[in-house]
Amino acid sequence: MERPRAIRSILILGGGLTGLSAAAAFAHALPRARIVLVELPPDPAALADRMPGSLPAIHHFHAAIGLDEAGLLRTGAATPRLALRFEHWSPRGEPWLHVYGDHGLPLGAIAFHQVWAAARREGRAGPFHLTNAAGALASTDCFALPNHDPQSLLSTFDHALRLEPEAYAARLAAAAGKRLLRARGEFGGVQRREDGGVAAILLKDGRRFEADLFLDCAGPAAPLLSRLDSGWEDWSAFFPADRLLIGTVPAAPSPSDLVSATDIGWRWSAPGLAHGFGGLAYASAITTEAEARQALGDSGKAEAAGLIAIRPGRRPRPWLRNVLALGDAAVAVDPLQWTNLALVHSAIGRALELLPGRDCHPIELAEYHRRAEQEARRVRDFLALHILRSGRARGEFWRGLADRPLPDSLANTLHHFLKRGRLPFYEEELFTRDSWLSVLFGLGLAPEHPDPSATAAGSEQALAALEKFGQRVQAETKGAPAYADFLRGLPPRSSSRA
Amino acid sequence: MILGGGTAGWMVAAALANQLPRASTVELVESEEIGIVGVGEATLPHLRFFVESLGIDEADFMKATHATFKLGIAFRDFGRIGTAYLHPFGDFARPVNGVPFHHLWLRMRAAGRQGDLFDYSPANAMAAANRFVPPSTDPASLLSRINYAYQFDSTLFGPYLRTYSVARGVRRTEGRVVGVERHGESGDVAALALADGRRVEGDLFVDCSGFRSLLLGDTLGEAWEDWSPWLPCDRAVALPCAAPDGPIEPLTRAIAMKAGWRWRIPLQHRVGNGYVYSSAHIGDDEAAGTILGAIEAAPLAEPRLLRFRAGRRRRSWVKNVVGIGLASGFLEPLESTSLYLVQAAIRELVGLFPIGAVDDWDRDEFNRLIDVEYDRIRDFLILHYHATERDDSSFWNHVRTMHVPDSLLEKIELFRRAGRVARYSEGLFFEPSWIAVYVGQGILPEAWDQRADAPDARSLASGMDRLRAQIKEQVAAMPDHAAVLAARNAGIGSAA
Numbered sequence: 486m487e488r489p490r491a492i493r494s495i496l497i498l499g500g501g502l503t504g505l506s507a508a509a510a511f512a513h514a515l516p517r518a519r520i521v522l523v524e525l526p527p528d529p530a531a532l533a534d535r536m537p538g539s540l541p542a543i544h545h546f547h548a549a550i551g552l553d554e555a556g557l558l559r560t561g562a563a564t565p566r567l568a569l570r571f572e573h574w575s576p577r578g579e580p581w582l583h584v585y586g587d588h589g590l591p592l593g594a595i596a597f598h599q600v601w602a603a604a605r606r607e608g609r610a611g612p613f614h615l616t617n618a619a620g621a622l623a624s625t626d627c628f629a630l631p632n633h634d635p636q637s638l639l640s641t642f643d644h645a646l647r648l649e650p651e652a653y654a655a656r657l658a659a660a661a662g663k664r665l666l667r668a669r670g671e672f673g674g675v676q677r678r679e680d681g682g683v684a685a686i687l688l689k690d691g692r693r694f695e696a697d698l699f700l701d702c703a704g705p706a707a708p709l710l711s712r713l714d715s716g717w718e719d720w721s722a723f724f725p726a727d728r729l730l731i732g733t734v735p736a737a738p739s740p741s742d743l744v745s746a747t748d749i750g751w752r753w754s755a756p757g758l759a760h761g762f763g764g765l766a767y768a769s770a771i772t773t774e775a776e777a778r779q780a781l782g783d784s785g786k787a788e789a790a791g792l793i794a795i796r797p798g799r800r801p802r803p804w805l806r807n808v809l810a811l812g813d814a815a816v817a818v819d820p821l822q823w824t825n826l827a828l829v830h831s832a833i834g835r836a837l838e839l840l841p842g843r844d845c846h847p848i849e850l851a852e853y854h855r856r857a858e859q860e861a862r863r864v865r866d867f868l869a870l871h872i873l874r875s876g877r878a879r880g881e882f883w884r885g886l887a888d889r890p891l892p893d894s895l896a897n898t899l900h901h902f903l904k905r906g907r908l909p910f911y912e913e914e915l916f917t918r919d920s921w922l923s924v925l926f927g928l929g930l931a932p933e934h935p936d937p938s939a940t941a942a943g944s945e946q947a948l949a950a951l952e953k954f955g956q957r958v959q960a961e962t963k964g965a966p967a968y969a970d971f972l973r974g975l976p977p978r979s980s981s982r983a
Numbered sequence: 003m004i005l006g007g008g009t010a011g012w013m014v015a016a017a018l019a020n021q022l023p024r025a026s027t028v029e030l031v032e033s034e035e036i037g038i039v040g041v042g043e044a045t046l047p048h049l050r051f052f053v054e055s056l057g058i059d060e061a062d063f064m065k066a067t068h069a070t071f072k073l074g075i076a077f078r079d080f081g082r083i084g085t086a087y088l089h090p091f092g093d094f095a096r097p098v099n100g101v102p103f104h105h106l107w108l109r110m111r112a113a114g115r116q117g118d119l120f121d122y123s124p125a126n127a128m129a130a131a132n133r134f135v136p137p138s139t140d141p142a143s144l145l146s147r148i149n150y151a152y153q154f155d156s157t158l159f160g161p162y163l164r165t166y167s168v169a170r171g172v173r174r175t176e177g178r179v180v181g182v183e184r185h186g187e188s189g190d191v192a193a194l195a196l197a198d199g200r201r202v203e204g205d206l207f208v209d210c211s212g213f214r215s216l217l218l219g220d221t222l223g224e225a226w227e228d229w230s231p232w233l234p235c236d237r238a239v240a241l242p243c244a245a246p247d248g249p250i251e252p253l254t255r256a257i258a259m260k261a262g263w264r265w266r267i268p269l270q271h272r273v274g275n276g277y278v279y280s281s282a283h284i285g286d287d288e289a290a291g292t293i294l295g296a297i298e299a300a301p302l303a304e305p306r307l308l309r310f311r312a313g314r315r316r317r318s319w320v321k322n323v324v325g326i327g328l329a330s331g332f333l334e335p336l337e338s339t340s341l342y343l344v345q346a347a348i349r350e351l352v353g354l355f356p357i358g359a360v361d362d363w364d365r366d367e368f369n370r371l372i373d374v375e376y377d378r379i380r381d382f383l384i385l386h387y388h389a390t391e392r393d394d395s396s397f398w399n400h401v402r403t404m405h406v407p408d409s410l411l412e413k414i415e416l417f418r419r420a421g422r423v424a425r426y427s428e429g430l431f432f433e434p435s436w437i438a439v440y441v442g443q444g445i446l447p448e449a450w451d452q453r454a455d456a457p458d459a460r461s462l463a464s465g466m467d468r469l470r471a472q473i474k475e476q477v478a479a480m481p482d483h484a485a486v487l488a489a490r491n492a493g494i495g496s497a498a
């Protein structure tokens, strides 16, 4: 039975990873809808479309669209990633890893991180990431996939994927299936409906595409949504970097991607199989393009870099009438924690869960906006934490950042964490509590007091249990293959070599 | 310093003694001259975890408080006279390919098939058959998604926790408060003056003085936010009766009446009854007469009248005073939320327990979290009254046509359009609870999740049939609720 309100057709504008992810997910969820993907010339500033990074939630997305991850690894469209390694990004500069999943186990009734913090106060704690199996693996460049044995610590961590954007795009297109209709062209404009929604889009060659629902996946300029709404929530006060130089780096298999703070901003590199992706984020008010190119070139780590401008912030109403913005068209953030594509996938899940009728009633869109706002603002908080509390004293880029006002919700998190190790609850967090703890501790931030419910955290008994747990992590991760050996152990990559 | 020895006061004392044994010394001031309201005969599943976190043995606790198991709340005559539904504790069937089950049901319902949504709730089937087993720990089992609470004699719960607390070092001071001493500059409460001339000091005062709100309301004058325009019931007449013959139902009944509703809460040894009503719509004598006429066995006491007002103090934590329980606000017992609100306040107080002096951040965070709890429960309660076709009395005409908070209007409209429930992961009443009340009271969506159209209708129907049959079969094999209680009580006796 076809219902009168059901959405019959969807037009996706933009053929990068954002648009293809949407195509695969909508095609899979709505087998009766007509789905057309209009590929425009790629916008280099659309980070979600070209960055290789993802978060562990990508596994859920792949499960939802029926994309076989073993196949992704086998064909070289993705490699597994355990960690993000931060260098020169703490008061004393010691490197730390952001890894995913559980850090420690509750020791009796006391939260593990309270015990770790107590040990650190006494100078008896190792790096926080070594309380996580993935941290132990990554710190020795080893790798294992998580298992499902609840007795094993190897069931308590998570991993992400490092994508080869072109090969991954092809896999997404295949996952979308034969029903996906594709067209290529240059955007020429829109025809509006009487109610203000979009009736059709036009290409420069005169072709015209109608649909019930339009997905604006065309990058930060948001050619569709920006015609309906000019609202903008500006985050530049929290993110001084407004330029990215993006290039390639040599291939060097590693379970970790690297981000490294420098005097003028920060550099990243994601070493892939065939080549790697890297770049530099800096502030144009402080550093000229020539200086930035020189800095990136001097590191010997990136070449042929293209320059883009970024404007951190979000569109406060990403779904208006029958136009939904996804990816950089909805939220624009730097690639520091690889949230770009993760936000796309999360938004697609939210849109499908709340898919309104053809009339896109404001009540239904309001719930989408409520959730999208909560999620985006906490991602903002998480990323701003790295920038505004880097612990760095050196470098013009970082100067004065610690004195800038924080977003209220981040100030609340920081206050309660610094006082007693509490993490206030917020809805719709993209990052888990373990991720927050990983970054807070990594940045050298630490609670002043144990929480009153954890006064036993510093007892000899608790500290001994902590030490024993550390040994258990080492024991259970020993024997895992080196990362490069793990990759070699995968079945041959027939299609990518062909 | 805890003021008030009712259920809330002793819950706070027990939790602080257990969770913060080294953080502070806990003293509780109570007066035997002052009675307790003893709210919360019927509870929510959260209370189980409270009891468990104290390390209390469930069977011992249940025997001591004459407790029964509760699988949900059975509402009758709310949406329309003659209708009934159970708000079950626990989920309906699992999502299919990420699509919540009720959308699949809505699709089949539109085709005139697959019966009632509540057929797919194991807790509903168990409650209807007066059967009980605890939830399964096997995630593959249908019974892993049920949940249960207790119905107990709340006048015994406080004393039970008093014994527990005093054994763990809580100091109990008997005395009636006649004055409150404050610090000149900060306005903080410094000490309580007792009738016999003693003076009790404290750094932090937890006001569990009940409706009187002696510290938060009287002393600090925190403003009252009045919710009675939406929740007009302002009185209750309570009347316990002997346990009638027949089964002990594992559920609380809420039966809509001309000017409110009445409860029926079966305990092991008796049945609690009461009529919650709006004094603007019915007189006290008539209400008492109604409840006398409704009970099924001999009354065990004279009808007892309670007066209240729906609403709350704008902030629960002001200066160094934290109001918990009725001292911070009141919401009628329609969804058994009173003790949950106490528990939520305890959870946040423990998590934000002052380190050194009380600071603004702790207070603001506490109030932020408690606001969320109160506002959501308020909306959920109003829904029970507003989602009705009843036009048979001035009371129902009022609640049916009144203006409700925008936050609730939006939730109702969101569900009415395509069955979506505003999502959150912290606080009380998740998706299944809202769905039960919407559907049970006749708010049916006009459409459903489009993804529910994907599965083949025939295999979907046979899958749903199988599920119903499985539920029926498993429930038929379960023991009777009263038999489970008897066996547990016997176990205590023989173990001792």
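Chain order of the listed sequences is A and B. The numbering used here applies: residue 486 is where the first sequence begins, and numbers increase by one. The numbering used here applies: residue 3 is where the second sequence begins, and numbers increase by one. C-beta: ideal position from N, C-alpha, C; glycine also.
- Relative to residue 909 of chain A, the option among B/375, B/364, B/471 whose CA is nearest is B/364.
- Interface flag for residue 416 of chain B against chain A is set, since a Cβ pair is found closer than 7 Å.
- Selection B/397, B/140, B/401 evaluated against residue 389 of chain B yields B/401 as nearest (Cα-Cα).
- With fewer than 16 other Cβ atoms inside 10 Å of its own Cβ, residue 51 of chain B counts as exposed.
- At a cut-off of 7 Å, the C-beta of residue 863 of chain A has no neighbouring C-beta in chain B.
- Comparing alpha-carbon positions, the option among B/54, B/119, B/379 lying closest to residue 86 of chain B turns out to be B/119.
- Under DSSP, residue 153 of chain B forms a beta bridge with B/44, B/70.
- In the DSSP assignment, the residues bridged to residue 259 of chain B are B/262.
- In the three-state DSSP reduction, residue 762 of chain A falls in the strand class (E or B).
- For residue 122 of chain B, there is no enclosing beta strand (DSSP E), as DSSP marks it with neither H nor E.
- The three-state reading of DSSP puts residue 921 of chain A in helix, counting H, G and I together.
- In the displayed model, residue 211 of chain B falls within coil according to three-state DSSP, outside both helix and strand.
- Around the CB of residue 83 of chain B, fewer than 16 other CB atoms lie within 10 Å, so the residue is classed as exposed.
- Within chain B, not a single residue places a beta-carbon under 8 Å from that of residue 579 of chain A; the smallest gap is close to 29 Å.
- When DSSP states are grouped into helix, strand and coil, residue 907 of chain A belongs to the coil group.
- Among the CB atoms of chain A, one or more fall inside 7 Å of the CB of residue 452 of chain B.
- At a cut-off of 7 Å between beta-carbon atoms, residue 506 of chain A makes no contact with chain B.
- Chain-ordered, the chain A residues with CB closer than 7 Å to the CB of residue 427 of chain B read 912.
- Chain A places a beta carbon closer than 7 Å to that of residue 456 of chain B, counting this residue as a contact.
- For residue 735 of chain A, the closest alpha carbon among the candidates A/632, A/792, A/782 is that of A/782.
- Annotation: residue 320 of chain B to residue 215 of chain B spans about 13 Å, alpha carbon to alpha carbon.
- Of B/341, B/311, B/130, the smallest CA-CA separation from residue 332 of chain B is found for B/311.
- Closer than 7 Å to the CB of residue 565 of chain A there is not a single CB belonging to chain B.
- About 7 Å separates the beta carbon of residue 294 of chain B from that of residue 301 of chain B, a gap short enough to meet the 8 Å contact definition.
- With a contact defined as Cβ atoms closer than 8 Å, residue 928 of chain A and residue 575 of chain A qualify at about 6 Å.
- According to the DSSP assignment, residue 195 of chain B belongs to the beta strand (DSSP E) that extends over 191–196.
- Beyond the five residues adjoining it in sequence on each side, residue 697 of chain A comes within less than 6 Å, by CB distance, of 492, 493, 494, 843 in the same chain, given in chain order.
- Contact between residue 422 of chain B and residue 430 of chain B is ruled out by a C-beta separation of about 19 Å, above the 8 Å threshold.
- Any Cβ of chain B closer than 7 Å to the Cβ of residue 490 of chain A would place that residue at the interface, and such an atom is present.
- Under the three-state reduction of DSSP output, residue 182 of chain B falls in the strand class.
- The DSSP-derived three-state label of residue 753 of chain A is strand.
- Non-local beta-carbon contacts of residue 258 of chain B in its own chain, meaning distances under 6 Å to residues more than five positions away in sequence, involve 79, 80 in chain order.
- With fewer than 16 neighbouring CB atoms inside 10 Å of its own CB, residue 97 of chain B falls in the exposed class.
- Residue 640 of chain A sits in a helix when the DSSP states are folded into three classes.
- Of the residues assessed, residue 404 of chain B falls on the exposed side of the cut-off, its CB having fewer than 16 other CB atoms within 10 angstroms.
- Boundaries of the beta strand (DSSP E) harbouring residue 275 of chain B: 272–279, taken from the DSSP string.
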